[in-house]
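J.: For reference, the structure I am asking about is given below.
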Amino acid sequence: MGYKIAVIPGDGIGPEIVREARKVLDVAGKKYGFELDYTELFMGGASIDVNGVPLTDETIAIAKASDAVLMGSIGGDAKTSPWYQLAPNLRPEAGLLKLRKSLNLFANLRPAYLYDELRAACPLRDEIIGDGFDMMIMRELTGGLYFGARHTEEVDGVRKAVDTLEYNENEIRRIAVKGFEIARKRRGKVCSVDKANVLDSSRLWRAVVEEVAKEYPDVELSHMLVDNCAMQLVRDPAQFDVILTENMFGDILSDEASMVTGSIGMLSSASLNETKFGLYEPSHGSAPDIAGMDKANPIATVLSAAMMLRYSLDLDEAADAIEAAVKQVLKDGYRTGDIMSEGCTQVGTVRMGDLIAERVR
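Structural data, given as structure tokens:
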């Protein structure tokens, strides 16, 4: 069984961490009987250097014709890189925004999982951590306050700014469907987060989510106001399975959830459209200060690749094997510099990729 994968190594440490993810994917493919046909593409600063723009129409077309996109990292040092002397629409990150829009990637998945071996890095007390936590934050990515009409004006000598929070039922329904589908692959619980006690958009959000829930009787639905959810994430994170929420709330809550895991270098992410197609990337940045030094932690990219197998290719067994291999490497005491702790063995990017691949094999 073969699949077409568009690969965007990107900038900074991107090529290094993508290389290790591909290494692990290839080992999983040999073991579980699938093949991945990779096409490498330029985007971000790498594309600016070659093409003069952060994203070309050709790259978009190849990505659309693929089964999924695996990406490293985009961007550089804003203070020193010549990329940031360009107009905002020609800078590296503009390519990523354009790609997300061109591929209609409206559902952002941000897992937050606490590895037992890294619990010392978690800022929460042991009695709160308990047996750990494993949640998925489902953030609507293309609507809401960030994409609504906006303007700033001066009225009677007073400056006024207006941002519009707008959702229609179709936008809500499609992200809700994704949330319930993801919950079916996990523990079967969805917590829909809104501000329905104040906002009309949230009241519509809650009503549509409840309509969708009727189609998933095997999934448990609950509702929570966003301010309470922010509190509960640091009070009892283990209660959550899938958190389903709108764009701005998801932006804030996913950052909070990433902090309670203790290391952003471990966090994968995915952005999906209405099909099984998705863009998979680590949550961290391009870290240009350590690029090419064999210091980058590839685990977030490896875990993003496992998400690709699970959510775009339906290769759950192979995804399970990669995730289990990462856990085993950590249990065996291997660490890259960003997660190093006393008594462990520090390794570089390449060696960490090798260790994970060995345990998949």
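In our numbering, the protein residues as written are 21 to 381.
Where is the CB? At the ideal position from N, CA and C, for every residue including glycine.
Kindly give me the distance between the Cβ atoms of residue 25 and residue 87, rounded to whole angstroms, as I take these residues to be in contact under 8 Å.
T.: Position 5 of the sequence shown, counting from 1, holds the residue named residue 25. Position 67 of the sequence shown, counting from 1, holds the residue named residue 87. With 8 Å as the limit, residue 25 and residue 87 qualify as a contact, their Cβ atoms being about 6 Å apart.
J.: With a threshold of 16 other CB atoms inside 10 Å of the CB of residue 132, please say whether the residue is buried or exposed.
T.: Here residue 132 corresponds to residue number 112 of the sequence shown, with the count starting at 1. The residue in question, residue 132, is buried, as its Cβ has 16 or more Cβ neighbours within 10 Å.
J.: Do the segment 364-373 and the segment 35-49 meet, that is, are 3 or more Cβ pairs less than 8 Å apart?
T.: Cβ pair count under 8 Å is three or more, so yes.
J.: How is residue 80 classed by DSSP in three states: helix, strand or coil?
T.: As a first step, residue 80 is located in the sequence shown; it is residue number 60 there, counting from the start. If DSSP states are grouped into helix, strand and coil, residue 80 belongs with the helices.
J.: From the DSSP output, in three-state form, read off residue 124 for me.
T.: Here residue 124 refers to the residue found at position 104 when the sequence shown is read from its first residue. Coil.
J.: Can you name the start and end residues of the alpha helix (DSSP H) that residue 319 belongs to?
T.: Within the sequence shown, numbered from 1, the residue matching residue 319 stands at position 299. Start and end: 319-331.
J.: Tell me the DSSP secondary structure of residue 263 in three-state form.
T.: Locating residue 263 in the sequence shown gives position 243, where the first residue counts as 1. Residue 263: strand per DSSP, three-state reduction.
J.: For residue 294, which of helix, strand or coil comes out of DSSP?
T.: As a first step, residue 294 must be located in the sequence shown, where it is residue number 274. Three-state result, residue 294: coil.
J.: Please determine, among 44, 172, 28, the residue with the shortest C-alpha to C-alpha distance to residue 379.
T.: Position 359 of the sequence shown, counting from 1, holds the residue named residue 379. Closest option to residue 379, Cα to Cα, is 44.
J.: In three-state terms, what does DSSP make of residue 305?
T.: Mapped onto the sequence shown, residue 305 falls at position 285. Coil, per DSSP.
J.: By the three-class DSSP mapping on this structure, what secondary structure does residue 143 have?
T.: One-based indexing of the sequence shown puts residue 143 at position 123. Here residue 143 sits in coil by DSSP.
J.: Need the endpoints of the alpha helix (DSSP H) that residue 67 sits in, please.
T.: As a working note, residue 67 is residue 47 in the sequence shown. 65-71 is the span of the alpha helix (DSSP H), which, as asked, contains residue 67.
J.: Would you tell me roughly how many angstroms separate the C-alpha atoms of residue 343 and residue 377, rounded to the nearest one?
T.: Locating residue 343 in the sequence shown gives position 323, counting from the first residue. Locating residue 377 in the sequence shown gives position 357, counting from the first residue. Straight-line Cα distance between these residues: approximately 11 Å.
J.: Less than 8 Å between C-beta atoms, sequence neighbours within five positions excluded: which residues of the same chain meet that for residue 253?
T.: One-based indexing of the sequence shown puts residue 253 at position 233. If we look at residue 253 and ignore the five residues flanking it on each side, its Cβ neighbours are 260, 273, 276, 277, 280.
J.: Helix, strand or coil, according to DSSP, for residue 300 in the structure here?
T.: Within the sequence shown, residue 300 is the residue found at index 280, counting from 1. In the structure shown, residue 300 sits in a strand (DSSP, three-state: E or B).
J.: What separation, rounded to the nearest whole angstrom, lies between the Cα atoms of residue 239 and residue 121?
T.: Numbered from 1 along the sequence shown, position 219 holds the residue referred to as residue 239. Numbered from 1 along the sequence shown, position 101 holds the residue referred to as residue 121. Whole-angstrom Cα-Cα distance: 30 Å.
J.: Taking 8 Å as the threshold (C-beta atoms), are residue 92 and residue 163 in contact?
T.: Mapped onto the sequence shown, residue 163 falls at position 143. Mapped onto the sequence shown, residue 92 falls at position 72. For residue 163 and residue 92, no; Cβs fall outside 8 Å.
J.: Taking buried to mean at least 16 other C-beta atoms within 10 Å of its own C-beta, is residue 218 buried or exposed?
T.: As a first step, residue 218 is located in the sequence shown; it is residue number 198 there, counting from the start. Residue 218 should be labelled exposed.
J.: What separation, rounded to the nearest whole angstrom, lies between the Cα atoms of residue 54 and residue 63?
T.: Position 34 of the sequence shown holds residue 54. Position 43 of the sequence shown holds residue 63. Near 27 Å, if we compare the C-alpha coordinates of residue 63 and residue 54.
J.: Bridge partners of residue 23, per DSSP?
T.: The residue given as residue 23 occupies position 3 in the sequence shown. Residue 23 is bridged to 56.
J.: Whether or not the segment 123-141 and the segment 94-101 are in contact is what I'm after, with contact meaning three or more pairs of Cβ atoms, one per stretch, closer than 8 Å; do they touch?
T.: Judged by Cβ distances under 8 Å, the segment 94-101 makes no contact with the segment 123-141, as fewer than three pairs qualify.
J.: If we ignore side chains and look at the alpha-carbon of each, how far apart do residue 101 and residue 216 end up?
T.: Counting from 1 along the sequence shown, the entry for residue 101 is found at position 81. Counting from 1 along the sequence shown, the entry for residue 216 is found at position 196. C-alpha separation (whole angstroms): 44 Å.
J.: For residue 317 and residue 173, what's the separation of their Cα atoms in angstroms?
T.: For the purposes of this step, residue 317 is identified with residue 297 of the sequence shown, where counting begins at 1. For the purposes of this step, residue 173 is identified with residue 153 of the sequence shown, where counting begins at 1. Approximately 46 Å between the Cα atoms of the pair.
J.: With three or more C-beta pairs closer than 8 Å as the rule, is the segment 193-202 touching the segment 229-245?
T.: Taking 8 Å as the limit for Cβ pairs, the verdict is that the segment 193-202 does touch the segment 229-245.
J.: If you pair each beta-carbon of the segment 322-341 with each one of the segment 293-311, do three or more pairs fall below 8 Å?
T.: Counting Cβ pairs under 8 Å, three or more are found: they touch.
J.: Starting from residue 211, trace the beta strand (DSSP E) both ways and give me its first and last residue.
T.: Locating residue 211 in the sequence shown gives position 191, counting from the first residue. First-last of the beta strand (DSSP E) with residue 211: 209-214.
J.: Do the segment 350-370 and the segment 136-145 make contact, defined as three or more Cβ pairs closer than 8 Å?
T.: Touching, yes, given that three or more Cβ pairs across the two stretches are closer than 8 Å.
J.: Just the C-alpha distance for residue 65 and residue 58, rounded to the nearest angstrom, thanks.
T.: Here residue 65 is taken as the residue at index 45 of the sequence shown, counted from 1. Here residue 58 is taken as the residue at index 38 of the sequence shown, counted from 1. One C-alpha to the other measures close to 21 Å.
J.: Between the beta-carbon of residue 287 and the beta-carbon of residue 320, is there less than 8 Å?
T.: Reading the sequence shown from its first residue, position 267 is the one you call residue 287. Reading the sequence shown from its first residue, position 300 is the one you call residue 320. In this structure, residue 320 lies closer than 8 Å to residue 287 by Cβ.
J.: Please state if the CB of residue 267 and the CB of residue 194 are separated by a distance shorter than 8 Å.
T.: Walking along the sequence shown from the start, residue 194 turns up at place 174. Walking along the sequence shown from the start, residue 267 turns up at place 247. No, these two residues do not count as a Cβ contact at 8 Å.
J.: If you measure between the beta carbons of residue 210 and residue 244, is that distance less than 8 Å?
T.: As a working mapping, residue 210 is identified with position 190 in the sequence shown. As a working mapping, residue 244 is identified with position 224 in the sequence shown. Contact: no.
J.: Of all the options 357, 75, 255, which has the alpha carbon lying nearest to the alpha carbon of residue 28?
T.: Here residue 28 refers to the residue found at position 8 of the sequence shown. It is 75.
J.: Which residue spans inside the segment 175-199 form an unbroken beta strand (DSSP E) run of at least 3?
T.: Counting whole runs of 3 or more residues, the segment 175-199 contains the beta strand (DSSP E) stretches 178-183.
J.: Kindly examine the ligand COA and report whether one of its heavy atoms sits closer than 7 Å to the Cβ of residue 277.
T.: With respect to small molecules bound, the structure shown includes none, and the ligand COA cannot be examined in it.
J.: Relative to the C-alpha of residue 182, which residue among 171, 117, 70, 191 is closest?
T.: Position 162 of the sequence shown, counted from the first residue, corresponds to residue 182. Ranking 171, 117, 70, 191 by Cα distance to residue 182 puts 171 first.
J.: Can the beta-carbon of residue 48 be found closer than 8 Å to that of residue 250?
T.: Position 28 of the sequence shown, counting from 1, holds the residue named residue 48. Position 230 of the sequence shown, counting from 1, holds the residue named residue 250. For residue 48 and residue 250, no; Cβs fall outside 8 Å.
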